[in-house]
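Shown next, in structure tokens, is the structure this report addresses.
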Amino acid sequence: MKHFYNSNTAANKPQPIAKATGTAISGKLFTLLLLGFFLLVSGESNAATFTAVSTGSGANAITQGNWNVPATWGITVPAGQIATPGVHYPGANDDVIINITFNVIVPAGTVAACNSLELRTVTGQGMPSIDIFGSLTVNNLNINAANNGNGAIASVNIKSGGTLKINSGITAGPNKYNFNTETNSTVIYGAGSNILAPRSGTNQNAVVGNPKPYHNLVVDNTGNTPATLSANVTVNGNLSLINGGKLTTGSNTSTTPATPYVLTLAEGAKIATTEDKDNNISGLVQATRVVANGGISDFGMGASVTNNSASNATITIVRTTGIIPMNVNGQESATRTYLVSGSTGANISANLTFLNHELTQDINLYKMYNGGSASELSLSNNVVANGNTFIKTGLDNGLYTIAGPPVIPLPVELVSFNVKHDVKGAKLVWATASELDNKGFEVQMSTDSRTFVAIGFVESKVGTTSLRQDYSFLDTKAVSGTRYYRLKQIDLDSTTSLSPIRAIVLDGDNGTVAAYPNPFSDVVMVKLTGTESRRVKATLTDAMGKVMLETTEETTGNSISVNTHNISTSGMYMLHVYDNDTKYTFKLMKR
1 MKHFYNSNTA ANKPQPIAKA TGTAISGKLF TLLLLGFFLL VSGESNAATF TAVSTGSGAN
61 AITQGNWNVP ATWGITVPAG QIATPGVHYP GANDDVIINI TFNVIVPAGT VAACNSLELR
121 TVTGQGMPSI DIFGSLTVNN LNINAANNGN GAIASVNIKS GGTLKINSGI TAGPNKYNFN
181 TETNSTVIYG AGSNILAPRS GTNQNAVVGN PKPYHNLVVD NTGNTPATLS ANVTVNGNLS
241 LINGGKLTTG SNTSTTPATP YVLTLAEGAK IATTEDKDNN ISGLVQATRV VANGGISDFG
301 MGASVTNNSA SNATITIVRT TGIIPMNVNG QESATRTYLV SGSTGANISA NLTFLNHELT
361 QDINLYKMYN GGSASELSLS NNVVANGNTF IKTGLDNGLY TIAGPPVIPL PVELVSFNVK
421 HDVKGAKLVW ATASELDNKG FEVQMSTDSR TFVAIGFVES KVGTTSLRQD YSFLDTKAVS
481 GTRYYRLKQI DLDSTTSLSP IRAIVLDGDN GTVAAYPNPF SDVVMVKLTG TESRRVKATL
541 TDAMGKVMLE TTEETTGNSI SVNTHNISTS GMYMLHVYDN DTKYTFKLMK R
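Written out as structure tokens, the structure reads:
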């Protein structure tokens, strides 16, 4: 149903317009209840469209209304009735249109909601607006969605203390609109929302208004559909990521190449919630701080700077997260970098934090690297690690990240190291070109590439030699999943070094054999381990042990086929399979 202003009533007093479906409000509660019953049995939706449009002229003009006052929407509440959302003023399932030059106010203390909110102009005129002093939740917001003439300007104003929550999406412009966020206001975005850049001052002569910051920006419950910036955005209060809130800064794809958007944290602004694998930002976050001499400044995004120099230091840090790991000296970097520029120096230090979900190894294995660019990274000096935070003294301009320690050459010259599938598990093979005082190799395994445990030791064949030596180790417990291996080379004086990591993905077939179908008819398939070609013997006996069939078959892939069409008697049988030195027995039923 729809609710409109009726501009033809006496003295322009708002009155309801009844449609043929009988949606006008009666003065009697009984009639209202009867109407509700009619709508229920007729299957018509309870959702309504509320339209606010200015009426009258001069002293009788009505151009402003209160969200939860029925007269705003052309509704008269009969005496004795309580104004009801969705009937007398908009409720959560209703659509709202603010037309032409009307202004709707959501008062302080009001908790309002609707399905969609549209600020609609007509060609060349109209300045619809909404002022949010309380709280308003909408699924979809359209600002100036209908027309965009020279005199048409639509405005959404989130006032101090006001909150606007947009669950799904926002459409604005393309040109003349205001999205004004005042001090102490809050805007909340949900799954898949495009985050609009606030602005004010749009008028007939200024097509695009002045950029404004968000005060409090919240990304809530996006799941796997992050909210995304639609322009560069600044926050001067708190940025919060809650209930699985993810934000992607995105890029301006209208340029070639695409230009990344940047989320800027103004002085005093910060990411106020703890980031983790479920609540985080992917992309560019920037902050500039003036760090007083002798002072500490928090950049609000996992970085802080201490200035022990004699003068103030102006420093900019751009944090990038969600990147593809870089190859740093043969090791994968974290998926986070910090780009530092400004008044750095020997007496300035920085605390730079990296999160566990951005790593592929245990944090204790990481070292800090820095350089002028990603291709110039080298091991940083004067760095102390404290958990997930790396403290760099003598801060230089450039790029900072962390990665595993440099691969230090083994005391032996390791020329190859690989892991491959084997019929009995995972087989490690490696070779040395020369060895010096080599005690041997501890074989280490991990299921997550971070925490390794020793699973065996292979002694050096010679200790010291200039000739090639070949080694192998069989992990018979490797059955399924991904397993990571490395070698810990140990000298006779107990000095140790680690090899690069190697990984293998096992499909779960190792160590598993099966015979099927069961019950069988004319053929039995036997699935074996390994894929090498070989001859396998199979013997079928009845329940008394009498041999009913004996055959030798060549494997195809990792299986053989046993022809049983001559077995005519139903009942229980035993199939014995001899695969090299291994015997398998299966209890089968003949149909």
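Following the UniProt record's numbering, the numbering of the sequence shown begins with 1 at its first residue and continues without gaps.
Don't be surprised by glycine CBs; every beta carbon is placed ideally from N, CA and C.
| query | result |
| --- | --- |
| Residue 593, enclosing beta strand (DSSP E) - first and last residue | Because the chain spans 1 through 591 in this model, residue 593 falls outside it and cannot be assessed. |
| Inter-residue Cα distance where the pair is T234 and S200 | 14 Å |
| DSSP state of T72 mapped onto helix, strand, coil | helix |
| Buried/exposed call for P128, threshold 16 Cβ in 10 Å | buried |
| Cβ neighbours of residue 616 in the same chain (closer than 6 Å, five flanking residues each side left out) | This structure cannot settle anything about residue 616, because the visible part of the chain is limited to 1 through 591. |
| Complete beta strand (DSSP E) runs within the region 408-484 (minimum length 3 residues, chain order) | 413-422, 425-434, 438-446, 453-459, 469-475 |
| Three-state secondary structure (DSSP) of S200 | strand |
| Opposing strand residues paired with V53 [DSSP bridges] | V53 is not bridged to any residue. |
| Exposure label - E275; buried when at least 16 CB within 10 Å | buried |
| Supposed contact pair R535 and E550 - C-beta distance, whole angstroms, cut 8 Å | Between R535 and E550 the Cβ distance is about 13 Å, and since that is not below 8 Å, they are no contact. |
| Stretch-stretch touch, CB-based, cutoff 8 Å, three pairs: the region 286-297 with the region 310-317 | yes |
| Straight-line gap, N518 to S568 (C-alpha atoms, nearest Å) | 15 Å |
| Cutoff 8 Å; reference T107; Cβ partners in own chain excluding five residues on either side | The sequence given here has Pro at residue 107, not Thr. N66, W67, N68, F133, G134. |
| Cβ-Cβ distance between L284 and V262 below 8 Å | yes |
| C-alpha gap between Q444 and K427, whole angstroms | 13 Å |
| Reduced DSSP secondary structure (H/G/I, E/B, other) of S375 | helix |
| Q331 - partner residues in DSSP beta bridges | V328 |
| Anticipated Cβ contact below 8 Å, N347 with S304, distance rounded | Incorrect: roughly 16 Å between the Cβ atoms, too far for contact. |
| Other residues of its chain near Q361: CB distance less than 7 Å, five sequence neighbours each side excluded | G404, S449, R450 |
| Supposed contact pair S116 and V138 - C-beta distance, whole angstroms, cut 8 Å | 7 Å |
| DSSP beta-bridge partners of R502 | Y485 |
| For E118 and N93, believed in contact at Cβ under 8 Å, the rounded distance | So it is not a contact: roughly 16 Å between Cβ atoms. |
| Contacting residues, own chain, Cβ-Cβ under 6 Å from T306 (five flanking each side not counted) | I296, S349 |
| Straight-line Cα distance separating A272 from S416 | 49 Å |
| Span separating the alpha-carbon of S375 from that of V453 | 33 Å |
| Member of V513, F390, S160 whose CA lies at the smallest distance from the CA of T186 | S160 |
| Member of V505, S460, K392 whose CA lies at the smallest distance from the CA of V419 | V505 |
| C-alpha gap between residue 595 and Q489, whole angstroms | The requested residue 595 is not part of the displayed model; the chain covers only 1 to 591. |
| Assigned secondary structure, T21 (DSSP; H/G/I helix, E/B strand, else coil) | Bear in mind that a pLDDT of 30 at T21, under 50, signals an unreliable position, so the number given afterwards is only what the model happens to contain. Looking at T21 - three-state DSSP - the assignment turns out to be coil, as it is neither helix nor strand. |
| Boundaries of the beta strand (DSSP E) in which S343 is found, first to last residue | Where S343 is concerned, there is no enclosing beta strand (DSSP E), given that its DSSP letter is neither H nor E. |
| Beta carbon of F354 nearer than 8 Å to that of I402 | yes |
| C-alpha gap between I98 and T163, whole angstroms | 19 Å |
| Start-end ranges of the beta strand (DSSP E) lying completely within the UniProt domain "Secretion system C-terminal sorting" (516-588), minimum 3 residues | 523-527, 535-542, 547-554, 559-563, 571-579 |
| N- and C-terminal bounds of the beta strand (DSSP E) containing A154 | 154-158 |
| Among G322, E358, D396, L377, nearest to S341 - alpha-carbon criterion | D396 |
| Presumed contact (8 Å Cβ cut-off) between G440 and S460, rounded CB distance | 5 Å |
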